[in-house]
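Visitor:
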Ligand SMILES: Cc1cc2nc3c(=O)[nH]c(=O)nc-3n(C[C@H](O)[C@H](O)[C@H](O)COP(=O)(O)OP(=O)(O)OC[C@H]3O[C@@H](n4cnc5c(N)ncnc54)[C@H](O)[C@@H]3O)c2cc1C
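Chains as they are written, first to last, in the numbering used here: chain A, 1483 to 1746; chain B, 97 to 696.
Pasting the structure below:
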């Protein structure tokens, strides 16, 4: 079975982010980058499906991202992906979830995998829309918050996480798009062997023309969503003492928590 | 002349045995240059860079190890159990750590020195025991086979070494032969009837003694298949060979996860195909293996020092006293500044040498020993500072700081003590200037007149006056002009001092340890200063001074202190204090105790 895994490169979780002067993005120098967490789980799931198969499977990692995303691709290949597609053309970049989904859909039509795995949401922008939009564009079923995958006889059994720790088991006809939740499996460690083997794997770069996409539909120009402003959270910490007899103070506290903090 | 130091763990051949540079040849390493009062510009600048592909591989390998170690390595538990758990050892093997430097054609990953050093740094940051465990396997234990093994030996053994199935150890030290390895008593006698070597003797303090499968054992003996004479050679001995056994793991101050044991050899039979390298080349093999080991050990210490900076800053930012975070206090900031700058200096020293080694440029044997000395002492100082910054918490076993203190102490002792490395490296570097001074003196004696004397001085090649300014790194970035000048002046003084010292001591320099120690410390500081200057200047060239502002700052701090320290040593290079120390030690040697009762 051929599986396409969509991965995104995001800033390291511990990176200190500084807004750029335009206030529309971050300063990228001095930021270290990594594969988005849930995307790593998606890749792990793909590798497990392949390894459980008859040996004819293929895992293709695909990323929309500038030159720096090459590092994420190398990591995916070192983890075990068989080959990769890097959509680094400037026209692909800075798109909203819909324009990214259009690019991925074009890659899916070209590659014709039976299964597409994505992470649920990116740790940076965090829309959580791309996998569902991708399913919509392809006319494929798409599942969000996938916590279990089992492929058999042209169908896939999927465990989906619901509210209040409930889970739903469903069987879906392939092809399909699954958005994998972090924690689905333990993610394997990268070995030196994997790192060395990755060097010999192919990474294809495709242009919008090769994918039959026009500039107006993708990247910055294809985005319907426009970020107006980005701002760091304002640190507001205030310590207040509620005076009075214990009973009165407690009542006052409950009142404040209800009215002002709205946590009760 | 088998001088004592030459036969020691330093294992340097006596000066006469080594090829010497001709007077017009440029120095073949940065430190050799310093001793001639020269700046070996073309070796020092630009600062070596790792080849982009290897760099990417190393970046990934470092990340991969870090990720694995975060989840799987509990340094505190390893210390408490005095053992590296099997799962951790197996985990490292699965990651490929045990095969990092094994050539690719033998199933390893062919890491060069820079890549290996970066990995050893990362290992040390997580747990010093792991670093020493891997070091004993790859840096020294398996190294003789990688460097000197026959194609058959390599094909047979290295694939298992790479996977970690065969763990290696390096067995040189004996009860009576520590620094003075040449006095070893373990013997390998040729048994013509059986066609085997028969090894008898004891080794002590062998790292991985309890875990290893394959021991590189050094022994002396006479005879062999071809009737070779008395010699000192290396052999491979497998665990399980009859007559071979190891003792229990010793209880130690630090690196408690490593297994350090005695080895006993009673009529252990070793077939000739298990001898490593030619008969009689044991010293050379041990020397070369230790040399690379010292460079990576220096790197490991640098990694440890950087980790100490992280720990100290973390605490200093959090801890509040007198209503301020203690990081706001000058005496704390001074420590942090010193720690960061010293780590930067040691790191620069290591990666300059590693880069030259990888590029096969010159011979960085002396630099390797100096890097081990500088790295281990930088880390020791950094741990000490960190414990001071953390106060009482630093002293509690509940926290990691005291473990770092215990773990880092060994670095000043093993793989050649810091005394032996100061001695051997410095005497090695003094050979060429020594030869030039001897030639000059001869010329003077021949009474060649004014012309001849001038010629002799030119041969001597260290006329500091004529070279005024030539010791200043021209390539230094403008923001470092003052430090470059300070360095240049200190180097000129160093060259002059070396020459004057050699003229004074002549061959007696071999025994003048007070002087050698001072020259060594001045040289170590100057070498590291040149590396730091090069690194910051190279970065400024590529990224602009704004892009290199951190490195420029650290370099300024480091070079200033390095030059002051060097100058301090040179000012008192033949100081009168030596005679006092000599006399006090003489007194102590006779009386055997502290010499002065408080009241009489
Ligand atoms: C934890 C641990 C692990 C080890 N692992 C290994 C291993 O895997 N393989 C192995 O072969 N060995 C190993 N060793 C041995 C180690 O290399 C030796 O301890 C070291 O070489 C010093 O020898 P020594 O202890 O006999 O000290 P000594 O040689 O007795 O030295 C004592 C002191 O005298 C100084 N000194 C000695 N000679 C001179 C001189 N000529 N001039 C000035 N000062 C001098 C020394 O610097 C030192 O300060 C290990 C040791 C330890 C503690």
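Quick reminder that beta carbons are idealized off the backbone N, C-alpha and C, glycines included.
Got a sec: does ligand 1 put a non-hydrogen atom nearer than 7 Å to the Cβ of residue 269 (chain B)?
Guide: Here residue 269 (chain B) corresponds to residue number 173 of the second chain, with the count starting at 1. Yes; taking the cut-off as 7 Å, the Cβ of residue 269 (chain B) has a heavy atom of ligand 1 nearer than that.
Visitor: If you draw a straight line from the C-alpha of residue 452 (chain B) to the C-alpha of residue 176 (chain B), how long is it?
Guide: To locate residue 452 (chain B), count along the second chain from 1; it is residue 356. To locate residue 176 (chain B), count along the second chain from 1; it is residue 80. The alpha-carbon atoms of residue 452 (chain B) and residue 176 (chain B) are separated by roughly 40 Å.
Visitor: Using Cβ-Cβ distances below 7 Å, what residues of the segment 1654-1674 of chain A are close to chain B?
Guide: Per Cβ criterion, the list reads 1671, 1672, 1673, 1674.
Visitor: Do we get a CB-CB distance below 8 Å when we pair residue 1677 (chain A) with the residues of chain B?
Guide: In the first chain, the residue the question calls residue 1677 (chain A) occupies position 195. Yes - at least one Cβ of chain B is within 8 Å of the one on residue 1677 (chain A).
Visitor: Would you please verify whether the beta carbon of residue 210 (chain B) is less than 8 Å from any beta carbon of chain A?
Guide: Indexing the second chain from 1 puts residue 210 (chain B) at position 114. No, because no Cβ of chain A sits closer than 8 Å to the Cβ of residue 210 (chain B).
Visitor: Could you tell me the alpha carbon to alpha carbon distance between residue 589 (chain B) and residue 235 (chain B), rounded to whole angstroms?
Guide: What you label residue 589 (chain B) is simply residue 493 of the second chain in a count that begins at 1. What you label residue 235 (chain B) is simply residue 139 of the second chain in a count that begins at 1. Computed Cα separation, rounded: 36 Å.
Visitor: In terms of DSSP beta bridges, what is residue 1597 (chain A) paired with?
Guide: Locating residue 1597 (chain A) in the first chain gives position 115, counting from the first residue. The partner list for residue 1597 (chain A) (beta bridge, DSSP) reads A:1485, A:1658.
Visitor: Alpha carbons only, please: which of B:295, B:497, B:617 is nearest the one belonging to residue 319 (chain B)?
Guide: Position 223 of the second chain, counted from the first residue, corresponds to residue 319 (chain B). With distances taken between Cα atoms, residue 319 (chain B) lies closest to B:295.
Visitor: Counting only C-beta atoms, is residue 1558 (chain A) closer than 8 Å to chain B at any point?
Guide: Sequence index remark: in the first chain, residue 1558 (chain A) carries index 76 (1-based). No - not a single Cβ of chain B is within 8 Å of the one on residue 1558 (chain A).
Visitor: For residue 337 (chain B), which residues of its own chain have a beta-carbon under 8 Å away from its beta-carbon, when the five flanking residues on both sides are left out?
Guide: Numbered from 1 along the second chain, position 241 holds the residue referred to as residue 337 (chain B). Within the same chain, residue 337 (chain B) has close Cβ partners 364, 365, 366.
Visitor: With 8 Å as the threshold, decide whether the Cβ of residue 192 (chain B) is near any Cβ in chain A.
Guide: Reading the second chain from its first residue, position 96 is the one you call residue 192 (chain B). Yes, contact with chain A.
Visitor: Just to confirm the assignment, what range does the beta strand (DSSP E) spanning residue 477 (chain B) have?
Guide: What you label residue 477 (chain B) is simply residue 381 of the second chain in a count that begins at 1. Residue 477 (chain B) -> not in any beta strand (DSSP E); alpha helix (DSSP H) instead, spanning 461-486.
Visitor: For residue 410 (chain B), which of B:422, B:417, B:399 has the nearest alpha-carbon?
Guide: As a first step, residue 410 (chain B) must be located in the second chain, where it is residue number 314. Looking at the Cα atoms, B:422 is the closest of the given residues.
Visitor: So what's residue 1664 (chain A) in DSSP terms, helix, strand or just coil?
Guide: As a first step, residue 1664 (chain A) must be located in the first chain, where it is residue number 182. Coil at residue 1664 (chain A), not helix or strand.
Visitor: Residue 405 (chain B) and residue 427 (chain B) - do their beta-carbons sit closer together than 8 Å?
Guide: For this step, residue 427 (chain B) is matched to residue 331 along the second chain. For this step, residue 405 (chain B) is matched to residue 309 along the second chain. It is not a contact, given that the beta carbons lie outside the stated cut-off.
Visitor: Would you call the segment 381-391 of chain B and the segment 463-470 of chain B touching, i.e. three or more CB-CB distances under 8 Å?
Guide: Result yes; three or more Cβ-Cβ pairs closer than 8 Å.
Visitor: Any chance you could list the alpha helix (DSSP H) runs of at least 4 consecutive residues sitting entirely within the segment 1514-1553 of chain A, in chain order?
Guide: Listed in chain order, they are 1519-1534.
Visitor: At a Cβ threshold of 8 Å, is residue 414 (chain B) touching chain A?
Guide: By 1-based counting over the second chain, the position of residue 414 (chain B) is 318. It does not; no Cβ of chain A falls within 8 Å.
Visitor: On the criterion of 16 or more Cβ atoms from any shown chain inside 10 Å, does residue 1749 (chain A) qualify as buried, or is it exposed?
Guide: Outside the displayed range of chain A (1483 to 1746) lies residue 1749 (chain A), so it cannot be described from this structure.
Visitor: Do residue 1596 (chain A) and ligand 1 come close, with the Cβ less than 7 Å from some heavy atom?
Guide: Position 114 of the first chain, counted from the start, is the residue given in the question as residue 1596 (chain A). Flag unset: Cβ of residue 1596 (chain A) not near ligand 1.
Visitor: Please give me, in chain order, every unbroken run of the alpha helix (DSSP H) with length at least 4 that falls completely inside the segment 134-211 of chain B.
Guide: You should have 137-140, 148-168, 171-177, 182-191.
Visitor: What residues are listed by DSSP as bridge partners for residue 286 (chain B)?
Guide: For the purposes of this step, residue 286 (chain B) is identified with residue 190 of the second chain, where counting begins at 1. Paired residues: B:293.
Visitor: Check whether the Cβ atoms of residue 1669 (chain A) and residue 1526 (chain A) sit closer than 8 Å, and answer yes or no.
Guide: Here residue 1669 (chain A) corresponds to residue number 187 of the first chain, with the count starting at 1. Here residue 1526 (chain A) corresponds to residue number 44 of the first chain, with the count starting at 1. Cβ distance < 8 Å, so residue 1669 (chain A) and residue 1526 (chain A) count as in contact.
Visitor: If you compare alpha carbons, which of B:397, B:425, B:415, B:140 is closest to residue 500 (chain B)?
Guide: Counting from one through the second chain, the residue named residue 500 (chain B) turns up at place 404. Nearest C-alpha to residue 500 (chain B): B:397.
Visitor: Go ahead and pull the three-state DSSP assignment for residue 509 (chain B).
Guide: Numbered from 1 along the second chain, position 413 holds the residue referred to as residue 509 (chain B). Residue state, collapsed to three classes: coil.
Visitor: Taking C-beta pairs closer than 8 Å, name the residues in chain A that residue 153 (chain B) reaches, listed in chain order.
Guide: Walking along the second chain from the start, residue 153 (chain B) turns up at place 57. Near residue 153 (chain B) (Cβ distances below 8 Å), the residues of chain A are 1677, 1678, 1681.
Visitor: For residue 163 (chain B) and chain A, any beta-carbon pair shorter than 8 Å?
Guide: Here the question's residue 163 (chain B) lines up with position 67 in the second chain. By this cut-off, residue 163 (chain B) is an interface position.
Visitor: Pick out the complete beta strand (DSSP E) segments inside the segment 1680-1720 of chain A, 3 residues or longer, and give them in chain order.
Guide: Complete beta strand (DSSP E) runs here, min 3: 1685-1687.
Visitor: Run through chain A and tell me which residues come within less than 7 Å of residue 676 (chain B), C-beta to C-beta.
Guide: Position 580 of the second chain holds residue 676 (chain B). By Cβ distance, chain A contributes nothing, its closest Cβ being about 53 Å from residue 676 (chain B), past 7 Å.
Visitor: In angstroms, rounded to a whole number, what distance separates the CA positions of residue 494 (chain B) and residue 486 (chain B)?
Guide: If you number the second chain from 1, residue 494 (chain B) lands on position 398. If you number the second chain from 1, residue 486 (chain B) lands on position 390. If you take the alpha carbons of residue 494 (chain B) and residue 486 (chain B), they lie about 13 Å apart.
Visitor: Taking Cβ positions only, does residue 610 (chain B) come closer than 8 Å to chain A?
Guide: In the second chain, counting from the first residue as 1, residue 610 (chain B) sits at position 514. Not an interface residue.
Visitor: For residue 133 (chain B), tell me which candidate among B:530, B:684, B:600 has the shortest Cα-Cα distance.
Guide: Within the second chain, the letter at position 37 stands for residue 133 (chain B). For residue 133 (chain B), the nearest C-alpha among the options comes from B:530.
Visitor: With H, G and I counted as helix, E and B as strand and the rest as coil, what does DSSP make of residue 1576 (chain A)?
Guide: By one-based count along the first chain, residue 1576 (chain A) stands at place 94. Coil at residue 1576 (chain A), not helix or strand.
Visitor: Taking a contact to mean a Cβ-Cβ separation below 8 Å, would you say residue 624 (chain B) touches residue 441 (chain B) in this structure?
Guide: Taking the second chain and counting its residues from 1, the one referred to as residue 624 (chain B) is at position 528. Taking the second chain and counting its residues from 1, the one referred to as residue 441 (chain B) is at position 345. For residue 624 (chain B) and residue 441 (chain B), yes; Cβs fall inside 8 Å.
Visitor: Please report the distance separating the alpha-carbon of residue 514 (chain B) from that of residue 612 (chain B).
Guide: Reading the second chain from its first residue, position 418 is the one you call residue 514 (chain B). Reading the second chain from its first residue, position 516 is the one you call residue 612 (chain B). So the alpha carbons of these two residues sit roughly 13 Å apart.
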